[in-house]
Structure formats: structure tokens, C-alpha cells
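In our numbering, the protein residues as written are 5 to 454.
Encoded as C-alpha cells, the structure appears first; notes follow it.
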Amino acid sequence: SRNQLEALMSEIDQNRPSVNWSATSRHYASFRKGFPDRFFARLVGLGIGFQGQRVVDLGTGTGLLARGLAERGCDVVGVDRSESMISEARESNAGVQSLAFRVAPAEETGLESEGFDVVTCATAWHWFDRQRAAAEASRLLKPDGRLLIAHLDWWGAHGNVVERTEALIMPKDGLSLVPAFSGYEHSGTYGRWIPDLSRAGFSAFETFSFDCDLLYTAASWAGRIRASTFVGASRTEAEAEAVTQQVYEMALEEFAGGDEEALIPVRHRVFALVADMREEVGDDREHLREVANVVGATQGPWVRVGRQGQGVRQQLGAATGGEKLGCSRFVLWPGEPAYPRHFHTANEEAVFVLSGQLEVRCGAETYLLSAGDYVTFNAGPSHAHSCRCASQEPVDFLCLSTMIHPEVAVYPDSKKVGVLVGAAPGGPKEKRTLTTWFRLDDQVDYWDGE
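This is the structure in C-alpha cells:
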């Protein structure tokens, strides 16, 4: 059961020598996926992932987290005790700027004291001597530095491919095949790391978690399982190959309909724990509440949007009393559009992507926006635009607009016109005195019906 986790973590410590990462480093580099864009967007709000930050990534493996931070402008050193993992990391990340790797244990990196803004660890903290690793992180960090421990775990739900996979790779007859891991299941959250960090002097903690689907073919999912601790790193080559083949056949038949190219959504849970050494911790938003209206990310109503209703929208501007600037947050599922292609005759709009990928059609051009990208749509027909989710995970973005009214919105593909009086698009609907939609060719004489 999930309550067995602490005992299992102790067994992991005791059985660490039985895990051979050299046996799985190639599969690890080929098939393990990195953290989604949404994860990095959340980190920015916690002070991690800024241009020029110096970062040490402990237990870097093949450098998935290290690469993600380097691509966002950080100067990163990835550290791992496994020479084969570091070799794969160097090969798979060749050409990535501001990213270096070195062979060293997390507990004794040999790097300079108080030289780094951030120390990170992705899905590896349980492999360390945690007390020593926490002390080493404390030594490496600048006085205002932060420690990030993150996890990206596959997540078994009733009937999904993860549940079926775990039934194949985790034997029910005790600890016979994989001593440290049989029955290893948990909630995907890791508050239990906090005592380790507290003893090392960390005193301020923030956490977040969310679920997401990562897409695999039957073959790539089998490769991912071959790369895991439960199979490739803790079994003989013959045993690992046999289990991998079983997983492939199961995934192909039960979840891909026999189609080798079909993409299977595999549920994962992302968890992040951020710690620093602040002596006093307050609510950073309290001052804002004294001078402005503040709405939290989970407050305010969400409403369904999109052609198929596969999206949600939260009107942040209206919720906080905005009068001249509107702002809505959209989350769209793969393939779903936010709204039909249109342009405004009075208002300007802009979009800022928080996570995922957004396909924007503007005028005759199509653009693919990713986390951190910003685009402006001017009033007028040359900036007629539409947006849809183009990533394999939901896209999360902000849409901002001026709040001029009356407003006329034109939809060139369907030849519709919308007229809004009393409140601009994105404004409070209860203040509207007129909202009407009609076809452009619905022409009547000025005196018609009089």
C-alpha cells in the first residue's frame, strides 16, 4: 500500500549497490522524457529559472532538468556519480549552451562554496545519503539561494497503462526480484524530504504538484520501462529484455489498438519542493492586498470555452475590478481553439504563453508560441487572429486587451459581426446594454420596419 513508502525508502538505501545505472544509461537517454513547460513556468514564480542564474543539478542522470534550465538561460553544472550517465549526458546535450557535466557524488561535488543561486535534484533525492546531500546543497548555495527537489513520476490509475505496466514489472511474491522496489507505490508527493532539509538549515518551504499526460508509442513506453530502476537498472539483461517485451506487447494490444505509431497518454504527476534559508517567512501578497485587488490562481470562476468545450477561461481583469485593461487566463486541451478567428475594430489584444505550445494564426501567417512568448494583435483586419493548443499537453496562457467600448468584432471566416455596448469584451457582462451577433450580409434598408 501507499503507507509502505517510508519502509521502502529505507530498503532503497540498504540496496543501493544492487542498482546498476550503467546497464540502463543508453535507454535512459533515449526514452525518458523531461519536465513539461508548465513546470518551468511555475518555477519562475518561485524565483528559479532566470537568465544568468548559476545552477548545480545533483544526480543529473542524462541531464534532462539541467538542459531545461540551460535552455531558459541558466548557467548549469550537472553532477552525477555514474560515469556512464555523464557520458550520455554529454553526448545527448552536445551543443547546448551554458551546460557542463562532471562526475561526482551529490554528497561531495567538489564545487565552490556559496557559488550558486540554485541547487536542483530531479527524481534522485532518494538515492543520496540525504543528510550529507542536504548539507552539501547548503554549502553550495549563496546566502539567498534556493534548493529545488523535483519529481516526475508515472501515475497508476484504474485501468490505465501505468497500472497494467506495474502489474508486469512489480511482482506480488514479496521482494524476490527487485528487493528495494516491489510494491513501490505512493502519492507522488514528497513532503517527507522536509526533515532532511530542516536539519541542514533550510527553514522556508514551498511546494506544488500537478498531473499531466506524456505521450508514448508502445515501443517508446517499453523503452521507458527498460530504462527504469525497476527493470533495466536492477535485473539481468535477459530478465530486463523479457519484461520489456511483455510491456511492449501489452501496450500495443491494449492501449494502441495494434497500431505501432499510435500515441498513448501516460499519466504523470509532477511535484516540486523549493527551500531556502530565510529566517522569517511572510505572505508576499499581503502588501499587494493593501494597495490593489488580488485574485489567486485558484480563485474566481472558471468557465468552459472552445469549440468542443475542451478548455477553460478565468476572467482575471473583471475579477479584480479592472476598468481599462482586461486579462483572461485560458487553459486549452490538445487541439482545442480558444475562439474563432476574429479582429477588433477598437481594441488591441496580446497573448503571453505560460506553458505548453500555442498555435497562433494571424493574418496570412501561422506561428508556434512556447512558454515565455508574447504576441500583440492590433485592431483591424490585418491582425485577424485565432489561437489553438498545439502541444501534447494543455496550453496555459494569458490574453490581455484594452477595454474600449462600444466595440465591433468581425469574424472573417464565418462573415459574422458582434456589437458590444456598455462593457468591452472581457468586461463584466452584467454592464452590457447591447450584445448582438449577425451576418455581414444581413443588410436591411435604413427605414425597414419603421
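For every residue, glycine included, the Cβ atom is placed at its ideal position computed from N, Cα and C.
Bear in mind the structure is a predicted one, so any value in this text is a computation, not a measurement.
- Between Asn164 and Arg271 the beta-carbon gap is near 6 Å, inside 8 Å, which marks them as a contact.
- Val309 and Ala427 have their C-alpha atoms spaced approximately 20 Å apart.
- Taking C-beta atoms under 8 Å as the contact rule, Val83 and Arg58 fail to qualify, at a distance of about 13 Å.
- In the three-state DSSP reduction, Ser102 falls in the coil class, being neither helix nor strand.
- Using a Cβ-Cβ distance cut-off of 8 Å, the segment 84-94 and the segment 60-68 are in contact, since at least three pairs of beta carbons, one from each stretch, lie closer than that value.
- Arg196 sits in a helix when the DSSP states are folded into three classes.
- By the neighbour-count criterion, in which 16 or more other beta carbons inside 10 Å mark a residue as buried, Val307 falls on the exposed side.
- The count of Cβ pairs closer than 8 Å, one atom from the segment 151-161 and one from the segment 90-100, stays below three, leaving the stretches out of contact.
- In the structure shown, Val448 falls within a coil segment according to DSSP collapsed to helix, strand and coil.
- Residue burial is scored here from C-beta neighbours: Glu92 has at least 16 other C-beta atoms within 10 angstroms and is therefore classed as buried.
- Excluding five sequence positions before and after Ser102, the CB atoms of its chain that fall closer than 6 Å to its own CB belong to Ala74, Asp79, given in chain order.
- Its Cα nearest to that of Pro398, the residue Gln361 stands out among Ile408, Ser418, Gln361, Arg365.
- Per the coordinates, the alpha-carbon of Leu402 lies some 9 Å from the alpha-carbon of Leu320.
- A residue is called buried when at least 16 other Cβ atoms come within 10 angstroms of its Cβ; Tyr378 does not meet this threshold and is exposed.
- Remark: C-beta atoms of Lys420 and Trp451 do not approach each other more closely than 8 Å.
- Within the same chain, Leu267, Ile268, Pro269, Val270, Gln396 come within 8 Å of Leu219 by CB-CB distance, once the 5 residues on both sides are set aside.
- Residues of the same chain with a CB within less than 6 Å of the CB of Leu62, apart from the 5 flanking positions on each side, are Val83, Ala110, Cys125 in chain order.
- By the criterion of a C-beta distance shorter than 8 Å, Pro147 is surrounded in its chain by Glu118, Met281, once the five residues flanking it on both sides are discounted.
- Per DSSP, Val235 lies in no beta strand (DSSP E) and is assigned neither H nor E.
- Cα atoms of Glu210 and Ala279: separation of roughly 7 Å, rounded to the nearest angstrom.
- Shown here for Phe44: same chain residues with a beta carbon closer than 7 Å to its own, the five before and five after excluded, namely Gly53, Gly72, Arg76, Ala375 in chain order.
- Contact annotation: Leu156 and Val122 have beta-carbon atoms that are not nearer than 8 Å.
- Taking C-beta atoms under 8 Å as the contact rule, Val60 and Thr113 qualify, at a distance of about 7 Å.
- Taking C-beta atoms as the reference points, Ser390 and Pro344 count as a pair closer than 8 Å.
- For Asp215, the enclosing beta strand (DSSP E) has its first and last residue at 208-220.
- Gly431 counts as buried, since at least 16 other C-beta atoms from the protein chains shown sit within 10 angstroms of its C-beta.
- Leaving aside the five residues that flank Pro416 on each side, the residues in its chain whose CB is nearer than 8 Å to its CB run, in chain order, Arg345, His346, Phe347, Pro385, Ala388.
- Counting only unbroken stretches of 3 or more residues, the beta strand (DSSP E) elements lying wholly within the segment 45-133 are 58-62, 79-84, 103-107, 120-126, in sequence order.
- Each of Gly149, Trp131, Arg143 was checked against the Cα of Gly51, and the nearest Cα belongs to Gly149.
- Non-local beta-carbon contacts of Asp133 in its own chain, meaning distances under 7 Å to residues more than five positions away in sequence, involve Glu111 in chain order.
- Each of Pro429, Asp445, Leu444 was checked against the Cα of Leu438, and the nearest Cα belongs to Pro429.
- DSSP, read as helix, strand or coil, puts Glu353 in strand.
- Glu363 is positioned such that its CB atom lies no closer than 8 Å to that of Arg333.
- Residue pairing for Pro269: DSSP places it in a beta bridge opposite Leu219.
- Ranked by Cα distance from Thr349, the first of Ala108, Val412, Gly330 is Val412.
- For Ala279, DSSP records a beta bridge to Leu151, Phe209.
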